[in-house]
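A.B. asks:
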Ligand SMILES: NC(=O)c1ccc[n+]([C@@H]2O[C@H](COP(=O)([O-])OP(=O)(O)OC[C@H]3O[C@@H](n4cnc5c(N)ncnc54)[C@H](O)[C@@H]3O)[C@@H](O)[C@H]2O)c1
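In UniProt numbering, the protein residues as written are 1 to 360.
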């Protein structure tokens with residue numbers, strides 16, 4: 001990394017902390033700044049504010065004066081913009097809160113960056129595969145399309161799969177970046193807006209935006225308090241509490257679970273690659289996994305049996321059925337290759353959850 005000062009917004013969160021630990025190992029990074037408001041939903045009422053290897057700036061991205069002050073004081077060369085409200089379901093009920101943090105926060109970032117001295121900088125945005133909605137499917141006639149969200153009435157009848165316009169079953173495929181976007185939650189819409197603000201707001205500047213669309217990130221360090229995000233972390237807590245896991249729909253919901261260290265690697269590559277453009281880049285494992293299988297792995301790692309899992313047929317309106325990244329652009333532009341398979345990653349997560357519990 002030629003640049004020296006790095007700012008990580010949301011730097012005290014799951015991905016931010018792991019990224020900062022990695023940045024601290026680099027001799028070419030002279031200073032790291034973590035901006036974070038210690039959101040109680042993520043950090044609880046008595047957050048751990050200690051962080052090795054970084055200066056912590058406590059405050060909110062939605063506070064324009066504070067955010068611009070941080071930018072002015074530190075004049076960062078690389079900015080990783082991770083601070084966000086992240087609960088898909090919650091966003092429906094907390095629209096203005098999600099817009100304030102995710103949209104206004106990003107607007108403040110861009111306005112603040114444009115006031116800094118003109119020099120080459122890089123902004124890496126943590127966007128989400130949520131912007132796709134259901135993502136790519138192949139119709140019975142072979143066309144690739146993005147289906148509309150599944151109607152609740154259909155799901156209530158136990159029909160969870162998707163169909164094409166002829167009423168024939170559609171086949172899910174890996175989603176490339178260029179597909180029609182159908183964000184199906186307020187959270188997803190704010191993430192898409194973040195992308196647009198970064199690209200349009202930095203047009204005609206020396207600042208290069210790099211947009212990464214993450215799949216479901218999991219691993220040690222994800223908040224065990226936040227009930228709105230991180231299905232595997234939530235399952236882990238429920239297993240240790242002796243609860244039966246409620247697996248929605250028919251258990252065959254598919255996610256692309258990508259391990260935290262692979263995400264950190266993608267972020268590092270995005271900060272330095274000479275090959276990037278303004279177009280978004282998917283970052284996933286490239287492997288499709290059913291929620292049922294992931295839950296079974298976690299049960300096994302935490303010493304519970306499959307009896308602690310119940311396929312309930314419950315569903316959440318707006319939930320997507322199938323997520324899988326086409327990592328082609330990440331591979332070509334960043335040289336990204338995911339390295340941690342699900343079984344290894346879940347074993348690491350289970351070890352972390354157990355050790356966290358034993359320290360309570
Ligand atoms: N974890 C995933 O599966 C996933 C998937 C896709 C995209 N992302 C994106 O990656 C980024 C980081 O996610 P994460 O999993 O580390 O989440 P996280 O909740 O663990 O971390 C987010 C951090 O941002 C901070 N924050 C929230 N609101 C803030 C505000 N107004 N001002 C300053 N700081 C604020 C929180 O205190 C927290 O420390 C987010 O932008 C998220 O949308 C995550």
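Ideal Cβ placement from N, Cα and C applies to all residues, glycine included.
Taking DSSP's pairing of strands, which residues face residue 258 in a bridge?
C.D. replies: Bridge partners of residue 258: 217.
A.B. asks: Return yes when the Cβ of residue 291 is within less than 8 Å of the Cβ of residue 253, no when it is not.
C.D. replies: Yes, Cβ-Cβ distance for residue 253 and residue 291 is below 8 Å.
A.B. asks: On a CA-only basis, which of 273, 32, 92 is nearest residue 5? Give me that one, please.
C.D. replies: Considering only alpha carbons, the answer is 32.
A.B. asks: By how many angstroms is the C-alpha of residue 350 removed from the C-alpha of residue 104?
C.D. replies: Distance between the alpha carbons of residue 104 and residue 350 is about 36 Å.
A.B. asks: Quick one: Cα of residue 8 to Cα of residue 218, how far?
C.D. replies: C-alpha separation (whole angstroms): 19 Å.
A.B. asks: State the CB to CB distance for the pair residue 161 and residue 140, rounded to an integer number of angstroms; the pair is presumed to be in contact (CB under 8 Å).
C.D. replies: Actually they are not in contact, since the Cβ atoms of residue 161 and residue 140 sit about 13 Å apart, beyond 8 Å.
A.B. asks: Tell me the DSSP secondary structure of residue 253 in three-state form.
C.D. replies: Correct three-state label for residue 253: coil.
A.B. asks: Could you say if the region 280 to 296 and the region 194 to 214 meet the contact criterion of at least three C-beta pairs nearer than 8 Å?
C.D. replies: These segments touch.
A.B. asks: Rounded to whole angstroms, what is the Cα-Cα separation between residue 345 and residue 339?
C.D. replies: Each residue's alpha carbon lies about 10 Å from the other.
A.B. asks: Grab the span of the beta strand (DSSP E) containing residue 81 for me, first residue to last.
C.D. replies: 78 to 81 is the extent of the beta strand (DSSP E) around residue 81.
A.B. asks: How big is the Cα-Cα spacing for residue 362 and residue 315?
C.D. replies: Because the chain spans 1 through 360 in this model, residue 362 falls outside it and cannot be assessed.
A.B. asks: Let me check understanding here. Comparing Cα to Cα, which of 250, 234, 249 lies closest to residue 243?
C.D. replies: Here the closest residue by C-alpha is 234.
A.B. asks: Which word fits residue 200, buried or exposed, when buried means at least 16 other C-beta atoms lie within 10 angstroms of its C-beta?
C.D. replies: Label assigned to residue 200: exposed.
A.B. asks: When you compare only the Cα positions, how much space is there between residue 152 and residue 179?
C.D. replies: So the alpha carbons of these two residues sit roughly 24 Å apart.
A.B. asks: With DSSP run on the structure shown, which of helix, strand or coil describes residue 57?
C.D. replies: Here residue 57 sits in strand by DSSP.
A.B. asks: Let's test the definition: count the other Cβ atoms within 10 Å of the Cβ of residue 74 and tell me whether it reaches 16, buried, or not, exposed.
C.D. replies: It is buried - the Cβ of residue 74 has at least 16 other Cβ atoms within 10 Å.
A.B. asks: List the whole-angstrom C-beta distance separating residue 21 from residue 53, where the pair is believed to meet the contact cut-off of C-beta under 8 Å.
C.D. replies: With a Cβ gap of about 7 Å, residue 21 and residue 53 count as contacting.
A.B. asks: Under 8 Å: do the region 219 to 238 and the region 257 to 270 share three or more Cβ pairs, one atom per stretch?
C.D. replies: Segments in contact, yes.
A.B. asks: In whole angstroms, give me the CA-to-CA distance for residue 323 and residue 65.
C.D. replies: Roughly 38 Å between the two C-alpha positions.
A.B. asks: So is the beta-carbon of residue 191 under 7 Å away from any non-hydrogen atom of ligand 1?
C.D. replies: Result yes, Cβ under 7 Å from ligand 1.
A.B. asks: Using only CA atoms, which one of 341, 181, 44, 70 lies nearest to residue 56?
C.D. replies: Comparing Cα positions, the closest option is 70.
A.B. asks: Just reading off the beta strand (DSSP E) that residue 122 is part of, what are its end residues?
C.D. replies: 121 to 128 is the span of the beta strand (DSSP E), which, as asked, contains residue 122.
A.B. asks: Which word fits residue 36, buried or exposed, when buried means at least 16 other C-beta atoms lie within 10 angstroms of its C-beta?
C.D. replies: Buried, by the Cβ-count rule.
A.B. asks: Return the residue from the list 42, 184, 93, 116 that minimises the CA-CA distance to residue 319.
C.D. replies: The candidate whose alpha carbon is nearest that of residue 319 is 184.
A.B. asks: Counting beta carbon pairs with one atom in the region 267 to 277 and one in the region 111 to 127, are three or more of them shorter than 8 Å?
C.D. replies: Yes, they touch.
A.B. asks: Within a Cβ cutoff of 6 Å, which residues of the same chain sit near residue 173, ignoring the five residues on either side of it in sequence?
C.D. replies: Same-chain partners within the cutoff: 136, 138.
A.B. asks: Would you mind reading off the limits of the beta strand (DSSP E) that contains residue 34?
C.D. replies: That run of the beta strand (DSSP E) goes 31 to 36.
A.B. asks: Could you tell me the distance, in whole angstroms, from the CA atom of residue 329 to the CA atom of residue 98?
C.D. replies: So the two alpha carbons sit approximately 29 Å from each other.
A.B. asks: For residue 88, I'd like the list of residues in its chain whose CB is within less than 6 Å of its CB, leaving aside the five on either flank, ordered along the chain.
C.D. replies: Closer than 6 Å at Cβ, skipping near neighbours: 185, 187.
A.B. asks: Among 326, 249, 204, whose alpha-carbon lies nearest the alpha-carbon of residue 404?
C.D. replies: Residue 404 cannot be examined here, being either before or after the span of the chain that is shown, 1 to 360.
A.B. asks: Taking the Cβ atom as the reference point for each residue, do residue 353 and residue 230 lie within a distance shorter than 8 Å?
C.D. replies: It is not a contact, given that the beta carbons lie outside the stated cut-off.
A.B. asks: Given a threshold of 16 other Cβ atoms within 10 Å of its Cβ, counted over all protein chains shown, does residue 86 qualify as buried or as exposed?
C.D. replies: Buried: at least 16 other Cβ atoms inside 10 Å.
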